[in-house]
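Add 1402 to the 1-based position in the sequence shown for the numbering used here, that's all there is to it.
Below is one structure; the comments refer to it alone.
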Amino acid sequence: MEKYDHKKIELKWQEKWGNSDIYRAKDDISLPKFYSLVEFPYPSGEGLHVGHVKSYTAMDIISRKKRREGFNVLYPIGYDAFGLPAENYAVKTGIHPRITTDKNISNYRKQLKSIGLSFDWARELSTADPSYYKWTQWLFLKFFEHGLAYKKKMPINWCVDCKIGLANEEVVGGVCERCGGEVEKREKEQWMLAITKYADRLIDDLEKVDYLDRIKAQQINWIGRSKGAELSFKLQASSNEVGEVSVFTTRPDTLFGATYLVLAPEHEAISNLKSQISNFDEVEDYIKKATSKTDIERTAEGKEKTGVKLEGVSAINPGSGEEIPIFVADYVLVHYGTGAIMAVPAHDERDFEFAKKFDLEIRKVIEGGKDGEVNVAEGKLINSGKFDGLSSEEAKEKITTAVGGEEKITYKLRDWVFSRQRYWGEPIPIINCSKCGLVPVPEKDLPLELPELEDYKPSESGEAPLAKAKDWVKTECPKCGGVAERETDTMPNWAGSSWYFLRYVDPKNNEEFASREKLDYWMPVDWYNGGMEHTTLHLLYSRFWHKFFYDIGLVSMDEPYQKRTAQGLVLAEDGDKMSKSKGNVVNPNDIVERFGADTLRMYEMFMGPFDQNVAWSEDGLMGPRRFLEKVWRLSKKVDEISIEKKIETEMHNTIKKVGEDIEEMKFNTAISQMMIFSNKLDEEEKIAKEVFEVFLDLLAPFAPHITEELWSQLGNNDSIHLTPWPQYDKNKTVSDAHLIVVQVDGKVRAKFETTEKEEEIIKDVALKMDEIRKYLDKAEVSRVIYVPNKLVNIVLRHSK
Ligand code: ANZ
Ligand code: ZN
């Protein structure tokens, strides 16, 4: 018997598929459509990661199933091709980022094809392509026209070594994420996008979409909407009124417990009060130190509170009328609320720590809680004059009104800093004219292409590299014809990925970013899978862009993605994150070469629940590999016999289970069921052709090459990937299945039904169940006890 030769089979079918159009999405609006999307990769020098393979295989399985259920499926791929690594490499070597990027893209394309993903390659795109970024620039100008792109002086995180501005998330532990170097604050004019205008809709419209709960929760938290009030406190110096300060609080009900006031170091009241503050030198000193820190450092939990009292000035609590001290402290941030707070140490954790350190009065104004501890709960008011006895709920409104305050909603979300002083990005298509101001580059002049440079380094002064292209910078004002200068900042990496899913529907269009007809047909994306790390960046940014496009009539719906799921990470064998520096990276090429793409795909879908982080295991690969070898062997038993009853039942069970599991991304249990079924088939002398074909049908989305080969060996001329998805007969799924109870240390933790009898397989299924794995993460398995057809008890070894 010819043995299973993955290399021969996989190359053969990849070539055949490549020469046909079986995975093409048809622009035929009479067909029911399904748009499945994965996050396109940044084409790095390191090549494709096994984490990409996990996400792409999952959506490939779903896309293949949908195609066979009669949907016209769009499953596209492209490259998020602007980015820093190519630019850093150019700074070092002088090699143009386009050259390295193109080389990396060819490598990615080859790697992606070697995995047998059913992408529609005719729609491939790259964000660094002028025919693509022409439209990124065009869309940017829409933001500009509508006043949502604006320039503003902003303190930015400046990496002293890389000489670039960093986004907040690129500052980790107070240092530059890339080089580990010192980060300081610098004021720079930046392009901003007004995402905060969409804060409410970005939260409220989550109700319209089907995202995992944790994804919704992260977005809601990130936007950070809080309902509260602004209250005004009068300031005093030697018994004279010297102005007022307004605070933002979510707890106006605790006003009578506000025993001091805190200003952010950057708060303007401090310099306004300079002549009244008797210890101004000390205060100024403190401010200098505080403002050099990042927000994250300043507000880190458990960090020792610091601050300085403003001597010579005080504030009046508008509730109690009492005089209270004022401090400057770095735990209050200037960009949140009003940059000033009323401190209520009895009911706020941070204020409590601060009050203890500075020996300030801690006055309880809400009943309950333990003595000497903070009580953050709401409740009945005490020590609050005429408001005593009210509930927090009632008091919030009454107190706010009584002191002339105002209800207010505040957000943590800030407008998006949208410019970078870098080379390898989309030039911002704006011209600066001394007479006309900021003038958009006319549409006919788009794309505004990146000029060639000799040297890609940013300058010491923080000017973008493009400033060096003097001939390019100098231009004519499109409005008045006078001498003018081009903007030299470029867009951030997030620009191209904020709308790429729209371009896929019409990637070759030179007249429009995409035709309205195609957009209306294909959008919204039906299912988008990606990484949790993109939840508050890319996913939020692209929702914002799309909502804006909806508002100005470019698209017909206001949410781009109907459904969003996320995969867990693939960790290295040692349980760490894979990284080049640790030398623990698994290269998918290598696995494809040795075991085959089908084994790699099966393994990544089988290694654990899809949404969990799971460590790579070379041994683990052998399970799926042996399974495929068994499938190969089983095909030789196929004969013209009729179906036996018990096989028929198991077949219908398997159709049901695999179909349902795919829809829920429970790929691991779908595979378990197919393994169980294959064992049933293995017990038989001969296998009915009809049964084996159904088995291949179900396995095909997971292992597209071997199934296509065996399908064709059985005499079929059309691709298995075009056959209708098998249907089960409900009446035939009833079976002699028995219920297995799964216990962990004697406690019932899960149950499942099976017709399987083999002990090892049942134990394996039990150990791989979602409900069981969480216990196994914490302890080692000591023994697995099996009571035939009834029970699996997993006994753990608990360390002390
Ligand atoms: C008094 C108070 C009493 C507060 C109490 C809380 C509990 P969220 O929910 O995150 O919006 N705050 C306001 N502005 C601040 C700033 N710029 N920097 C640091 N902290 C600031 O938090 C709102 C609360 O955070 C506000 O309500 C304020 O403290 C503080 F029992 O006011 B609270
Ligand atoms: Zn002009």
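Glycine included, C-beta positions come from ideal geometry on N, C-alpha and C.
These figures come from a predicted structure and were not determined experimentally.
For residue i, which beta-bridge partners are listed by DSSP?
i	result
Leu1665	Val1730, Ala1742
Ala1639	Asn1642, Val1715
Arg2185	Val2197
Thr1892	Arg1822, Pro1829
Leu1633	Val1649
Glu1584	Val1577
Thr1877	Ala1886
Pro1842	Ile1832
Ile2073	None; Ile2073 has no bridge partner.
Leu1931	In the sequence as presented, Leu is not what sits at residue 1931; that position holds Asn. Per DSSP, Val1440, Thr1967.
Val2150	Gln2145
Trp1593	Lys1553
Thr2156	His2140
Val2040	Ile2089
Ala1427	In the DSSP output, where bridge partners are listed per residue, Ala1427 has none listed.
Tyr1481	Ser1528
Val2016	Val1972
If I'm right that residue i touches residue j with Cβ under 8 Å, what's the distance once you round it to whole angstroms?
i	j	result
Met1893	Phe1951	That pair is no contact at about 17 Å.
Leu1663	Val1647	7 Å
Pro1654	Lys1798	5 Å
Val1369	Ser1438	No statement about residue 1369 is possible, as the shown extent of the chain runs from 1403 to 2202 and does not include it.
Glu2182	Leu2193	Not confirmed; about 21 Å, so no contact.
Ile2122	Thr2109	5 Å
Ile1726	Ala1660	7 Å
Lys1759	Asp1732	So it is not a contact: roughly 13 Å between Cβ atoms.
Val1562	Val1573	Not really, about 12 Å apart at Cβ, beyond 8 Å.
In its own chain, which residues sit with a C-beta less than 6 Å from the C-beta of residue i, not counting the 5 before and 5 after it?
i	result
Val2016	Met2009, Gly2010
Glu1699	Gly1576
Ile1743	Val1649, Val1664, Val1734
Lys1618	Leu1608
Thr1890	Ala1866, Leu1868, Ala1869
Pro1990	Leu1450, Val1452, Val1455
Trp2113	Leu2098, Ile2122
Glu1780	Ser1794
Looking only at its chain, what residues have a beta carbon closer than 8 Å to the beta carbon of residue i, apart from the 5 residues adjacent to it on each side?
i	result
Tyr1738	Phe1650, Thr1812, Lys1814
Phe2069	Ala1460, Ile1463, Met2007, Phe2008, Phe2012, Asp2063, Phe2104
Glu2160	Asn2081
Lys1553	Glu1591, Gln1592, Trp1593, Met1594, Leu1840
Asn1986	Ala1974, Glu1975, Asp1976, Asp1978, Met1980
Ser2184	Val2197, Leu2198, Arg2199
Phe2168	Residue identity differs from the one stated: residue 2168 is Ala in this sequence, not Phe. Excluding sequence neighbours, Ala2168 sits near Ile2142, Val2144, Ala2152, Phe2154, Ile2174, Val2186, Val2194, Ile2196.
Ser1457	Val1440, Glu1441, Asn1931, Gly1932, Gly1933, Gln1969
Cys1882	Cys1835, Lys1837, Cys1838
Ala1492	His1498, Pro1499, Thr1502, Tyr1825, Trp1826, Tyr1858
Which same chain residues, not among the five before or five after residue i, have their C-beta less than 7 Å away from its C-beta?
i	result
Lys2202	Here Lys2202 scores only 49 on pLDDT, less than 50, and its place in the model should not be relied on; the value that follows carries that caveat. Answer for Lys2202: no residue qualifies.
Asp1753	Ala1745, Val1746, Pro1747
Need the endpoints of the beta strand (DSSP E) that residue i sits in, please.
i	result
Pro1557	1551-1561
Ser1673	Counting along the chain, Ser1673 falls outside any beta strand (DSSP E), though it belongs to the alpha helix (DSSP H) covering 1670-1674.
Asn1623	Counting along the chain, Asn1623 falls outside any beta strand (DSSP E), though it belongs to the alpha helix (DSSP H) covering 1615-1625.
Glu1809	1808-1812
Ile2142	2140-2146
Arg1355	For residue 1355 there is no data in the structure shown, the boundaries of the chain being 1403 and 2202.
Val1493	Note, Val1493: premise wrong, no beta strand (DSSP E); alpha helix (DSSP H) at 1486-1495.
Leu1476	1474-1476
The alpha helix (DSSP H) that contains residue i, what's its start and end?
i	result
Val1776	Taken as a continuous stretch (DSSP letters only), Val1776 belongs to no alpha helix (DSSP H), as it is neither H nor E.
Gln2203	Residue coverage of the chain in this structure runs from 1403 to 2202, which leaves residue 2203 outside it and unanswerable.
Ile1566	Element bounds for Ile1566: not the alpha helix (DSSP H) but the beta strand (DSSP E), 1566-1568.
Asn2191	Note, Asn2191: premise wrong, no alpha helix (DSSP H); not H, not E.
Ala2168	2161-2170
His1408	1408-1421
Trp2113	2106-2115
Pro1990	1990-1996
Met2053	2047-2065
### Beta carbon nearer than 5 Å to a non-hydrogen atom of the ligand ANZ
Ser1628, Phe1650, Thr1651, Thr1652, Arg1653, Thr1656, Val1734, Leu1735, Tyr1738, Gly1739, Ile1743, Val1746, His1749, Asp1750
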